[in-house]
Structure formats: C-alpha cells, structure tokens
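Protein sequences, first through last, are from chains A and B. Residue 29 in our numbering sits at position 22 of the first sequence, and the numbers go up by one each step. Residue 77 in our numbering sits at position 70 of the second sequence, and the numbers go up by one each step. Quick reminder that beta carbons are idealized off the backbone N, C-alpha and C, glycines included.
2 protein chains.
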Amino acid sequence: MHRQEQHAPHRCTVIANDANDQAGNLTDWEQEYDQIGAGRFCGRIDELNFGGLQLFNEHTGRSLLQRCKVWPDSFWFGFPSKRNETRINGQSVESSDVLCRPGSTEFELVTPESFDMLSIVVSKAKLQSHKASEDIDLKLLDAKNYPRLRLSLRTLQNFRYLLRRILQPTINKIDSDLHHDLLIMGLLELLAEEIPNKKVAPSYQHRKAVVERIKDYMATESIAPVTMTTLCEVGCASRRTLQYSFETILGISPMTFLRISRLNRAKRMLCQPSTSSVSEAASFNGFYHLSQFSSDYRQLFGELPSETFAKSHPANNSQLHSNALEPCVRTVPAFQHCLQRRGT
Amino acid sequence: MHRQEQHAPHRCTVIANDANDQAGNLTDWEQEYDQIGAGRFCGRIDELNFGGLQLFNEHTGRSLLQRCKVWPDSFWFGFPSKRNETRINGQSVESSDVLCRPGSTEFELVTPESFDMLSIVVSKAKLQSHKASEDIDLKLLDAKNYPRLRLSLRTLQNFRYLLRRILQPTINKIDSDLHHDLLIMGLLELLAEEIPNKKVAPSYQHRKAVVERIKDYMATESIAPVTMTTLCEVGCASRRTLQYSFETILGISPMTFLRISRLNRAKRMLCQPSTSSVSEAASFNGFYHLSQFSSDYRQLFGELPSETFAKSHPANNSQLHSNALEPCVRTVPAFQHCLQRRGT
DNA sequence: AGGGCGTTATCGAAATTTGGCAAACATTAA
DNA sequence: TTAATGTTTGCCAAATTTCGATAACGCCCT
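Written as structure tokens, this is what we have:
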C-alpha cells in the first residue's frame with residue numbers, strides 16, 4: 008500500500024449552537040451557513056483527520072442553506088441521511104445518490120431539519136497514487152458538472168457502514184493505518200461503479216438562472232426595501248415563475264429567501280466586534296422597525312438579537328438594551344412596511 | 008454653449024473588401040465581424056470625428072455577425088436602415104427603435120445584406136457638460152440593460168436627416184462648431200423622449216443562455232468535429248430548442264453558425280503572417296478536407312483561401328498551391344464526414 | 001447513381017410560463 | 001383590538017414553449 012500519512016489521525020468533536028460557528032468548525036473548509044428552519048440551532052461535528060484524508064459526520068438540527076468550498080486539489084463525497092429533502096446546487100438528491108464536488112469549487116446545499124451527513128474528503132494526490140486508480144481519475148474530472156453520482160444501494164450501504172464504523176471513538180490507535188487504506192480503497196470501488204446522475208427537469212437551467220440573478224442582485228445592491236415587482240425584473244421572470252424558481256431550487260419562496268438571508272446577515276454582523284449596537288445591524292440589513300426585527304429574529308434563531316450581541320460583546324454589557332452610545336439608525340424611507348415577516 | 012473640441016473635425020472615408028478589415032477601420036472601436044451572407048464582402052465607412060464625438064455611416068454589403076465594443080466612457084447610438092432584419096444582443100429591432108450601448112461593453116449585432124447604419128458616439132463627459140442634461144444622465148446609466156430605445160418616428164426621422172446632412176462632404180469648415188452643438192442638442196432631445204423597449208419574448212432569456220453556452224463552448228474547446236447531440240448537451244436543450252434558440256437569437260441554424268464561425272476564424276488566420284499555409288488554417292479550424300474547405304470558403308467569401316493567403320503573404324507566393332514547405336495537417340480522426348457543408 | 005449518415009423541418013403531446021383572482025398575512029391607522 | 005390597505009402566496013385555465021418521433025433533405029462515400 009502506498010500510504011503517506013505520518014501520524015495517528017486527529018480526532019475531534021465540536022458542538023455548536025450557531026450555524027455560523029458550525030460552518031467554521033470544519034477544518035480546511037470555506038463555508039457559510041444560513042439558517043432556514045425556525046428555532047435555536049444545534050449542531051455537532053465528529054471529525055477524524057488523517058491529513059489529506061478527512062472523515063466526518065455532521066449533524067445539523069435546523070434546516071440550512073449552505074455555501075461550501077472544500078480545500079484545493081481534493082474531492083468531497085457526501086452521504087446525506089435524508090435524501091429526498093436535500094438539494095445540491097438546486098438539484099434534488101435521490102435515494103441512491105452520493106454527492107461529489109471537487110475542491111476550490113463553491114457549491115450550495117439545502118438541508119432539512121434534524122439532518123446528518125457522513126462526509127469524506129480526499130486529496131487528488133492520494134487518490135491517484137493508489138493503484139487501481141488508472142481509469143478513474145479521468146472520470147473524476149468529468150464529474151465536475153454532475154454533483155450527484157448514482158450508485159447501487161448495496162455499495163452505498165456498505166460504504167456508509169464502513170464510514171460510521173471508522174468514526175466510532177472506541178477504535179484503537181493501531182488500526183488507523185488499516186482504516187486509512189480501507190477508506191481509499193472503498194472510495195476507488197465507489198468511483199468505479201459511479202454513474203453521474205444527469206437527470207434534471209428541463210426547466211432547471213432557467214430557474215437556476217433566475218435564482219442566481221436574484222442572488223447577484225442581493226449581493227451587489229444595498230438591501231433597501233425590495234418589492235416583488237423589482238425582483239421579477241431583476242430575475243427576468245413573472246411573479247409565478249419567480250415563485251416556481253425559488254421553490255424548485257431552494258425550496259422556499261422568494262420573499263422568505265430575502266428575509267432569511269437578511270436575518271442571517273444581521274446575525275453575522277451582530278457577532279462581529281466592529282458592530283456597536285443591535286440597531287446598527289438591523290438597519291444595515293434593511294430592518295427599519297426594531298421591534299419587528301427582534302420578533303422575526305427571535306422566531307428564526309430562538310434568541311433575541313440583543314442576546315446574540317451580548318455574547319460577542321462581553322465588555323460593555325451595560326449598553327445592551329440601549330443604543331445611547333451610538334444611535335446608528337440610518338435614514339428611514341417612507342415605505343416602512345416592506346419586507347417584514349410574511350408567510351410560512 | 009460648452010464646447011471643448013479644439014480642431015476642425017477629421018473626416019475620412021474607407022472602403023473594405025473584407026469584413027475583418029472593415030471591423031478595424033472604425034477609429035477607437037474594438038470589434039470583430041463574422042461574415043454570414045454569401046459572396047465577396049464590400050463595405051464602406053464615412054466617418055466624421057470631432058474628438059469625443061464621432062459620427063459615421065457604415066455600409067456593409069453582406070450579412071454580418073458583429074461583436075462590438077465602443078471606446079470607454081461613451082455612449083453609442085445606432086440608426087439602422089433595415090430595422091426588422093437587424094438584431095442587437097438577440098433582440099429584433101423594431102421600426103421605431105434606436106440602438107444604444109455604453110462604452111467598454113461588448114454587444115452583438117446581426118445585420119442583413121446590403122445594410123446601412125448611421126452611428127453617433129459621444130463621450131459621457133460631453134453629454135453631461137451640457138445644460139439641459141440634468142435628469143437625463145441617470146436614465147442613460149439605467150439604459151445599460153435595454154439596448155433598444157423607442158422613439159417617435161418624427162424625432163427619429165428628423166435626427167436621421169440631421170446626421171446625414173452633417174455627414175455630407177460638401178460642408179464648409181466654418182460650420183463644424185455649429186454641427187457639433189446641433190448633434191449634442193439633438194441627442195439630448197432624443198434622450199429626453201426615449202423609452203426603453205423592454206419587449207422580449209418570454210423565451211428570450213432561455214434561448215439566449217442556450218446560444219451563449221454554445222459560444223463559450225466554441226471558444227474554450229478545440230474545434231474537433233462536433234455532433235448535434237453534443238451541442239444539445241452543452242446547451243442544455245433538446246435539438247428542437249437548440250434550433251429555435253439559434254433562429255431566434257442569431258437568425259441561423261446551429262450547424263450553420265458553427266461552420267460560419269470556423270470559416271471566419273480560418274480567414275482571420277489566413278491573414279496572419281504567422282500562418283504558413285492554407286492547410287494549416289484549415290485543419291486548425293476543423294476542416295479536414297481541403298477541397299471541401301476551399302469550396303465552402305469560396306462560396307462564403309467569394310474568393311479561394313489560397314487567394315486570401317496570397318494577399319497577406321506576398322513574399323513567398325511560390326508555395327501558394329503546395330504545402331511542401333510544412334505539411335501542417337494534423338491527425339485526422341476517423342469520422343471525416345462531420346461538420347462539413349450542409350443545408351442552406 | 002445509390003446507400004449511409006447527419007441535420008433540418010413538421011407536428012402532436014407534454015411541460016412550462018403566464019396572468020387573473022382569491023385567500024393569507026403584514027402594516028398602518030383609528 | 002379592529003378595520004382598512006397593501007403585499008405575497010396559492011390555485012387555475014389559457015397561451016406559449018419545449019419535447020420527441022418521424023419524414024424530408026443534403027452531403028459524403030462507394
């Protein structure tokens with residue numbers, strides 16, 4: 008066996024009560040989580056790191072929208088627990104699908120409530136250095152545009168069992184070399200069998216493009232109150248199509264997406280030390296009614312914005328419930344009713 | 008009047024027998040022309056340049072696919088002679104439309120046989136420095152995404168008349184300052200009246216995206232024989248939709264587009280000094296049958312590839328009809344029948 | 001000249017988009 | 001708190017668009 012790891016694998020378990028924290032807890036990943044489901048987040052990562060080969064199980068208690076990017080020159084493989092409720096790049100994951108994305112490439116995951124996913128990341132070098140990988144690496148490169156790989160249920164269940172088994176914390180250290188090799192070989196076996204799942208609805212490209220236009224718009228334009236009509240223009244689609252696009256690609260309605268994105272942005276901002284008050288984070292993200300903001304925020308995250316703020320600003324708790332220090336409220340436009348809480 | 012030009016305007020007339028030459032004859036433009044219509048090209052440009060204000064009439068004898076980019080910090084306005092047969096960025100031009108694009112922004116023009124277009128380009132600075140331009144510059148910026156501006160026929164005809172009048176070569180020099188101001192004021196009048204023509208078919212975005220994907224593919228992938236099925240995968244559409252997409256956006260069928268693009272690329276290559284033979288240019292662009300290539304080439308451009316080559320390589324005419332010096336023919340795949348001349 | 005192959009044209013069926021209307025929900029004012 | 005108003009979402013039928021199979025056509029090879 009051509010093994011290159013030098014030390015015993017590094018094992019750790021991290022628990023998070025904030026989606027953003029969880030996003031940062033994965034070693035060598037670049038990612039951002041937006042919480043979609045309502046209620047306080049709870050998550051847990053059990054990771055086993057061989058160096059160049061990373062194995063972990065991630066539990067997320069709330070529905071999430073994840074933007075992920077794995078470390079360079081690697082491949083990620085994901086084995087979600089609830090397939091039919093999971094989406095990768097807007098494509099619904101089917102029962103016999105494994106998720107796969109190369110490193111340095113951003114992809115998007117929509118995950119349901121109370122969700123578990125086994126993941127394995129392996130460096131390209133490690134895959135290629137093994138024998139029995141002759142005609143496979145080419146197929147890998149080809150997999151670039153198909154994030155779902157179809158496998159037989161048998162292979163899939165076997166591999167899942169292997170992953171779970173190796174993740175068991177009761178494993179004795181001497182086995183780690185064996186485990187490393189088992190993982191690589193299992194992966195190669197997987198890849199030999201894999202068939203890209205190209206099945207997408209004919210409308211997929213179009214709807215994806217619509218959602219993408221809205222996202223780009225969100226990223227560039229300041230988050231002033233946006234009406235549905237504006238979104239339609241931006242997305243180059245009718246109301247109903249915009250609706251379908253978001254439901255198909257993200258599983259939520261357009262306005263819900265906007266509100267949730269902005270709430271998550273506000274939460275991130277509240278955690279930054281440079282933010283000096285709740286109202287600053289609120290108004291900066293387009294919430295012009297503090298009370299409404301607090302209530303929406305609390306419904307989504309299960310805690311008040313002031314609580315989040317206090318956690319990241321332990322020094323000056325005194326100004327927690329007042330913005331006397333710096334009243335950062337921006338100019339408030341006349342239409343103060345737009346874009347507040349709506350719908351499901 | 009706030010005028011800034013220092014000298015008398017520079018006037019010139021250039022005639023071209025090659026679409027590429029014509030593309031380069033416009034001062035300060037970046038463009039590339041692909042000839043679509045069959046027969047020897049003939050074109051003519053009458054230009055009048057005030058510096059920061061450019062006025063010209065362009066005649067093109069053959070149907071063209073133009074990729075254009077105007078000089079930075081400017082706006083271009085175009086008044087085509089045959090509206091219903093002209094497309095800008097895949098949108099059909101209607102009878103009361105004026106074309107408008109900002110500088111540094113690439114756009115695409117499809118023009119019919121025997122076509123004339125009056126054009127005027129003006130620097131943003133020049134427009135804004137004039138009074139009566141207060142609320143107009145904002146609308147201009149807004150015009151970014153709508154290349155067609157709707158005007159009343161009256162205004163349009165008046166302005167066209169003005170342009171033609173000023174282009175007359177019999178004009179006496181003393182009038183040039185007056186003309187300059189007339190043009191600017193006329194433009195401002197136009198812009199005050201303009202309403203962006205947002206009317207596109209619902210399928211426009213989708214079909215444009217399909218064509219764009221094919222173009223990107225053409226640009227990146229080597230031009231090996233491509234089958235229609237591959238194109239469908241690349242474009243994420245069925246055969247029929249691919250067909251519709253090209254007809255709607257470019258007015259030609261997919262394979263015709265491919266062939267014409269490659270023929271035009273071959274012609275460009277033939278004109279480069281670094282190209283050493285006709286067969287090199289042919290095989291490099293996917294033509295593996297020299298005789299077929301010559302015949303196709305001749306039908307499109309009205310001259311033999313060897314003639315084009317000879318024009319740009321006057322020194323060594325001797326090797327015109329032989330490739331003895333450097334037989335650059337590449338490895339020829341088994342399927343030699345793909346992508347040759349077909350259909351209309 | 002005829003067969004083989006691939007592209008283009010035709011047409012009915014299926015999928016998608018659209019626009020109108022009603023219901024649900026949020027915001028403002030009383 | 002309730003009513004008035006405005007916005008978004010859900011539902012449905014009509015119009016448009018896309019799809020898939022088949023036939024016709026043009027080009028290439030024998």
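query = Smallest Cα separation from B/G68: which of B/R275, B/D41, B/T237?
reply = Closest by alpha carbon: B/D41.
ask   = Given that A/A216 touches chain B, what residues does it touch there, using C-beta distances under 9 Å?
value = Using a Cβ-Cβ cut-off of 9 Å, A/A216 is close to Q212, H213, A216 of chain B, given in chain order.
ask   = With burial defined as no fewer than 16 other Cβ atoms inside 10 Å of the residue's Cβ, what is the status of B/S298: buried or exposed?
value = Around the beta-carbon of B/S298, fewer than 16 other beta-carbon atoms lie within 10 Å, marking it exposed.
message = Cutting at 7 Å between CB atoms, please list the residues of its own chain near A/D25, excluding the five before and the five after it.
response = Excluding its 5 nearest sequence neighbours in each direction, A/D25 has C-beta neighbours in its own chain below 7 Å: F48, listed in chain order.
request  = Mind checking who A/N64 pairs with in its DSSP beta bridge?
outcome  = As computed with DSSP, A/N64 is found in a beta bridge with A/D53, A/L125.
key: Among B/G46, B/Q29, B/L170, the one whose alpha carbon lies nearest that of B/L197   = Of the listed residues, the one whose Cα sits closest to B/L197 is B/L170.
inquiry  = To the nearest angstrom, how far is the alpha carbon of A/P232 from that of A/I259?
reply    = In a straight line, the C-alpha of A/P232 is about 19 Å away from that of A/I259.
inquiry  = I'd like the span of the beta strand (DSSP E) that includes A/T34, first residue to last.
reply    = Run containing A/T34: none; DSSP gives neither H nor E here.
task = Using a cut-off of 9 Å between C-beta atoms, extract the partners of A/C239 located in chain B.
result = Chain B residues near A/C239: none, gap ~12 Å exceeds 9 Å.
ask   = Hey, is A/C243's beta-carbon within less than 8 Å of any beta-carbon in chain B?
value = Yes, because at least one Cβ of chain B sits closer than 8 Å to the Cβ of A/C243.
task = Using DSSP bridges, identify the partner residues of B/G85.
result = DSSP lists B/L106, B/S126 as partners of B/G85.
ask   = If you drop the 5 nearest sequence neighbours on each side, which residues of the same chain put their C-beta closer than 6 Å to that of A/Q61?
value = Excluding residues within five positions, the ones whose Cβ falls inside 6 Å are V128.
ask   = In the DSSP assignment, what are the bridge partners of B/V21?
value = In the DSSP output, where bridge partners are listed per residue, B/V21 has B/I52.
ask   = Just to confirm, are B/L156 and B/P203 a CB contact at a threshold of 8 Å?
value = Yes, the Cβ-Cβ distance between B/L156 and B/P203 is below 8 Å.
key: Pair within 8 Å by beta-carbon distance, B/K76 and B/T112   = Yes, the pair counts as a contact, with Cβ atoms nearer than the cut-off.
At least three beta-carbon pairs within less than 8 Å, the stretch 271-289 of chain B to the stretch 233-252 of chain B = Pairwise C-beta distances place the stretch 271-289 of chain B out of contact with the stretch 233-252 of chain B, as fewer than three of them are shorter than 8 Å.
inquiry  = Could you tell me the alpha carbon to alpha carbon distance between B/T255 and A/N96, rounded to whole angstroms?
reply    = As the crow flies, the alpha-carbon of B/T255 is around 29 Å from that of A/N96.
query = DSSP state of B/Q11, grouped into three classes?
reply = Reliability fails at B/Q11, whose pLDDT of 46 lies under 50, so the model's placement of it is uncertain and no value is given.
inquiry  = Give me the DSSP bridge partner(s) of B/R47.
reply    = None, per the DSSP bridge assignment.
task = Following the continuous beta strand (DSSP E) through B/V117, name the residue where it begins and the one where it ends.
result = Per DSSP, the continuous beta strand (DSSP E) segment holding B/V117 begins and ends at 114-118.
request  = Please say whether A/T118 and A/Q175 have beta carbons closer to each other than 8 Å?
outcome  = It is not a contact, given that the beta carbons lie outside the stated cut-off.
Proximity test, Cβ basis, 8 Å: A/G350 and chain B = Confidence is the limiting factor: at A/G350 the pLDDT is only 31, short of 50, which leaves the residue's position unreliable, though a coordinate-based value still follows. So no, A/G350 is outside the interface.
inquiry  = Report the CB separation of A/V217 from A/Q98 in whole angstroms; it is logged as a contact under 8 Å.
reply    = Contact check for A/V217 and A/Q98: beta-carbon distance about 15 Å, past the 8 Å limit, so the pair fails to qualify.
query = When you compare only the Cα positions, how much space is there between B/M262 and A/S126?
reply = A direct Cα-Cα distance of roughly 44 Å separates B/M262 from A/S126.
task = Measure the beta-carbon distance from A/F84 to A/L106 and round it to whole angstroms, keeping in mind my assumption that it falls under 8 Å.
result = Correct: roughly 7 Å between the Cβ atoms.
Length of the line joining the Cα atoms of B/K215 and A/L163 = The straight-line gap from Cα to Cα measures roughly 40 Å.
query = DSSP beta-bridge partners for A/D41?
reply = A/L72, per the DSSP bridge assignment.
task = Could you check if A/T234 is buried or exposed, using at least 16 other CB atoms within 10 Å of its CB as the buried criterion?
result = Residue burial annotation: A/T234 is exposed, with fewer than 16 other C-beta atoms found within 10 angstroms of its C-beta.
task = May I have the straight-line CA-CA distance separating A/S102 from A/P312, to the nearest angstrom?
result = Straight across, the Cα-Cα distance linking A/S102 with A/P312 is about 39 Å.
inquiry  = Helix, strand or coil for B/L156? Go by DSSP, reduced to three states.
reply    = It is a strand residue.
task = Identify the continuous alpha helix (DSSP H) that holds A/H187 and give its terminal residues.
result = Element bounds for A/H187: 183-200.
query = Which term fits A/D35, buried or exposed, when burial requires 16 or more other beta carbons within 10 angstroms of its beta carbon?
reply = The residue is exposed, with fewer than 16 neighbouring Cβ atoms inside 10 Å.
query = Which residues bound the alpha helix (DSSP H) around B/Q299?
reply = It spans 297-308 - the alpha helix (DSSP H) in which B/Q299 sits, taken as one unbroken run.
task = Tell whether a beta-carbon distance below 8 Å holds between B/I52 and B/Q29.
result = The Cβ atoms of B/I52 and B/Q29 lie closer than 8 Å to each other.
key: Pairwise C-alpha distance: B/D223 and B/S329   = Residue confidence is low: B/S329 scores 38 on pLDDT, short of 50, so the model does not pin down where it sits. No coordinate-derived value is stated.
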